[in-house]
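See structure below.
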Amino acid sequence: LPIFGDFCPLGIGSEEGAMKVSYDNHYITRIKDGARMNIFNGWVNEGIEVSIKPFPTSKREHLQQVRSSASRRFIINENGTVSTARNPNLVLGLGYFPKLYLVDRSSTNRAIFKNTHALLQSE
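Just so we're aligned, residue 26 is where the sequence shown starts under the numbering used here, counting upward by one.
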């Protein structure tokens, strides 16, 4: 996916195009370059898009990311859903386009990932 500004929207696609990530009990991080999953503009609300934000390259960027780290913290749930740490009632889900958005945990649009057990073991 192309990067727009300093973030890249996340979507659902083929297994061949899947990104490899790790999870450290707080952050979901792309292995290739250290970019982290992020809630767009830090707005932890239903309907907000989920993106990936590059790893900070300067001290200033690092401090800025630390201050807004709540929008980058996620919880991988036993049922295969991924919720925000700030509001566990919001999970990753699908919208009208094949992008990831925050949805209510009981929504029929919630995403249920099949490999979360392996990701939990990557801690």
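The beta-carbon is built from N, C-alpha and C at its ideal position, and this holds for glycine as well. From a predicted model like this one, the values you see are computed outputs, not experimental measurements.
Between Val-46 and Leu-144, the CB-CB gap stays under 8 Å. The beta carbon of Ile-53 lies closer than 6 Å to those of Val-46, Met-62, Phe-99 in the same chain, with the five residues before and after it left out. Per the DSSP secondary-structure output, Asp-49 pairs with nothing in a beta bridge. With contacts defined as CB atoms closer than 8 Å, Pro-79 and Ala-60 qualify as a contacting pair. Residue range 125 to 129 is occupied by the beta strand (DSSP E) that includes Leu-127.
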